[in-house]
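Structure record follows, encoded as structure tokens.
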Amino acid sequence: MIAPSPDRLGLRALLVVAAVITANGTDGPWRLGSALDLPKWADLGLEHRIRYESLGNQFRTGKPGSDQALALRSSLLGQIKTEPVGLLTEVMDSRQYLSDTGSPIDNTQVNALELLQAHVRWDAGPLFTGGKHRIQLGRETLDLGNRRLVARNAYRNTINAFTGADWLWTSDSGGSIRSFAFLPVRRLPEDVPSLLDHRISADTLSFGQQFYGVYATSPRLAVDARVEAYWLGLFEDADPSRRHRRLHTSGSRLFRNAQPGHWDFEVEASLQRGSSRSGTGISPNLDHTAWLLQSGVGYTWKAFGSPRLGVRVDQASGDRNPNDGVNQRFDSLFGARRFDFGPTGIYGAIARSNLRSPEIRASMRPIRSVEASLSHRWIWLESPFDAFTAAGVRDSSGRSGSYVGQQLEGRIRWDIVPGNCRLDTGVTTLFKGSFLENAPNANPNGDPLYAWVEWTFTF
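Numbering (this note's numbering), first residue to last: 1 to 459.
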């Protein structure tokens with residue numbers, strides 16, 4: 001399916017604006033709110049992203065040999081920034097062209113014309129405890145910690161949203177506690193024909209799926225480190241379209257951010273308990289016991305380009321026995337995975353479930369507006385009896401082993417007009433190991449090769 005002329009005209013208009021900004025040499029990024037001469041208490045922002053993706057040698061079971069996509073995402077955000085009460089509204093339109101019925105298309109890629117955010121904010125000040133309080137009521141998006149379990153999706157074409165109450169307390173010393181009670185927003189439509197037609201259908205929510213959490217962050221500790229601790233609760237009813245998850249996820253994270261001339265590190269561990277089903281539809285409830293462990297260290301040199309070299313290991317439990325009445329596959333809830341595991345979109349080969357995966361990554365900025373990175377990752381299944389989840393490939397006998405393969409990614413990001421126009425491009429390949437070669441339902445294609453080029457315009 002070819003993109004209609006309004007989208008092409010919209011892209012041309014954005015390119016013209018970017019060219020005008022470059023030619024005029026404005027101080028700082030050009031903003032729509034300033035151009036409209038809005039009062040200081042109001043703001044309006046526009047973002048448009050277009051990304052072409054190509055995937056050769058599809059790795060998902062039952063899918064054809066190659067695929068491509070043209071992903072478009074546009075958002076319009078308006079704010080009333082008065083104090084202590086403010087309002088925020090965001091409308092987003094996410095579409096995907098060049099796909100067909102053989103494409104792995106779902107509502108993580110398409111959600112046409114939807115109200116993404118609409119909430120009121122109250123900055124309550126110190127109240128009785130010192131520090132600062134912020135309360136938000138309505139629909140919102142959010143990032144928690146390093147975004148592994150709750151995230152406002154960046155690379156993915158659609159974004160998770162939640163409706164409810166959100167409270168944040170920030171201490172005078174820089175620590176914080178955040179607590180929320182949400183109903184996750186369910187993106188509609190969900191069937192492939194409607195998604196291919198970009199049918200507009202209002203997203204919905206219900207008390208049949210509830211999400212609660214408490215997330216605390218310490219002030220800065222020795223060696224400029226911080227500690228985070230959290231509990232997240234996801235509770236679903238027995239609707240056949242859901243997996244009846246009733247999960248308690250608790251964990252902590254110790255980290256130090258990268259900076260030139262210093263070591264950085266991160267360790268995160270999560271334990272997940274409760275009950276779940278192995279899939280949607282009618283299936284028995286299983287006890288759920290799973291875990292996540294991530295650790296890494298890196299060093300950034302005080303040298304030209306601030307080069308950084310880092311190593312890390314990502315581990316997440318998988319189901320060790322499909323017949324024991326226990327589900328041991330870790331559920332990443334509403335998290336993002338691009339920053340850990342490479343591109344998602346029509347690729348998204350690695351998920352945070354049933355995984356043992358070390359990685360080495362190098363990055364640098366040869367000039368201030370350009371960042372280049374290269375990563376090499378080895379992939380094993382934590383349990384050879386469970387699936388390589390993103391591909392849907394499984395050998396419940398375990399005879400195909402656990403070695404999935406190796407992933408190599410190169411990426412360049414260039415802020416052509418800083419704050420207004422960014423180019424993001426790269427190539428990722430997955431060298432298939434014995435599991436993807438020998439598992440009973442493995443795709444017989446060769447090694448997958450994915451490439452993308454993305455333009456983002458922000459005004």
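Yeah, the Cβ is synthetic: ideal placement off N, Cα and C, and Gly gets one too.
- Between the stretch 63 to 82 and the stretch 45 to 55, the count of Cβ pairs shorter than 8 Å is three or higher; the stretches touch.
- Excluding sequence positions up to five before and after Asp224, its CB lies within less than 7 Å of the CB of Arg256, all in the same chain and listed in chain order.
- DSSP places Ser278 outside both helix and strand once states are collapsed to three, so it counts as coil.
- Asp395 is a Cβ neighbour of Pro440, given a cutoff of 8 Å.
- Residue nearest to Val297 within the set Glu268, Phe304 and Thr289 is Glu268 (criterion: CA-CA distance).
- The bridge partners DSSP lists for Phe334 are Val150.
- About 6 Å separates the beta carbons of Gln407 and Gly342, which is inside the 8 Å limit, making them a contact pair.
- For the pair Arg377 and Ser357, the Cα-to-Cα distance works out to about 7 Å.
- With distances taken between CA atoms, Val150 lies nearest to Arg337 out of Arg337, Ser375 and Gly405.
- Beta-bridge partners assigned by DSSP to Lys132: Thr170.
- Counting the other CB atoms within 10 Å of its CB gives Ser270 a total of 16 or more, which places it among the buried residues.
- In the three-state DSSP reduction, Val192 falls in the helix class (H, G or I).
- If you look at Gly86, you'll find it in the beta strand (DSSP E) that goes Val85 to Tyr97.
- By the criterion of a C-beta distance shorter than 7 Å, Pro64 is surrounded in its chain by Gln58 and Gly102, once the five residues flanking it on both sides are discounted.
- In the three-state reduction of the DSSP assignment, Val185 falls in the coil class, being assigned neither a helical nor a strand state.
- Cβ contact annotation for Ala351 (same chain, cutoff 6 Å, sequence separation greater than five): Thr389 and Ala390, in chain order.
- Here Pro448 is near Leu430, since their CB atoms are less than 8 Å apart.
- The C-beta of Leu36 has fewer than 16 other C-beta atoms within 10 Å across all chains shown, which makes the residue exposed.
- Beyond the five residues adjoining it in sequence on each side, Ser74 comes within less than 6 Å, by CB distance, of His48 and Asp93 in the same chain, given in chain order.
- DSSP places Ala35 inside the alpha helix (DSSP H), whose first and last residues are Leu32 to Ala35.
- When the Cα atoms are used, Gly426 and Phe457 turn out to be separated by approximately 18 Å.
- Annotation: Leu46 is outside any alpha helix (DSSP H); the continuous beta strand (DSSP E) that includes it extends over Ala42 to Gly56.
- Leu144 is positioned such that its CB atom lies closer than 8 Å to that of Tyr215.
- Distance between Asp100 and Arg60, taken at the CA atoms: about 15 Å.
- Residue pairing for Leu436: DSSP places it in no beta bridge.
- The C-alpha of Gly419 is placed about 46 Å away from the C-alpha of Pro384.
- Annotated three-state conformation of Asp224 is helix, per DSSP.
- Secondary structure note for Glu382: it is in no beta strand (DSSP E), with a DSSP letter that is neither H nor E.
- Per DSSP, Phe59 has no beta bridge partner at all.
- Beta bridge pairing from DSSP links Pro358 with Val313.
- Listed in chain order, the non-local C-beta contacts of Thr300 below 8 Å within the same chain comprise Ala258, Gln259, Pro260, Gly261, His262, Asp264, Ser306, Pro307 and Arg308, local neighbours out to five positions each way being set aside.
- Using a Cβ distance threshold of 8 Å, Val453 and Trp414 do not count as a contacting pair.
- Taken atom to atom, the span from the alpha-carbon of Leu168 to that of Arg226 is near 18 Å.
- Apart from sequence neighbours up to five positions away, the residues of its chain that approach Asn111 with a beta-carbon distance below 6 Å are Ser94, Thr158 and Arg187, ordered along the chain.
- A direct Cα-to-Cα measurement between Gln328 and Leu38 gives close to 53 Å.
- Phe334 counts as buried, since no fewer than 16 other beta carbons sit within 10 angstroms of its beta carbon.
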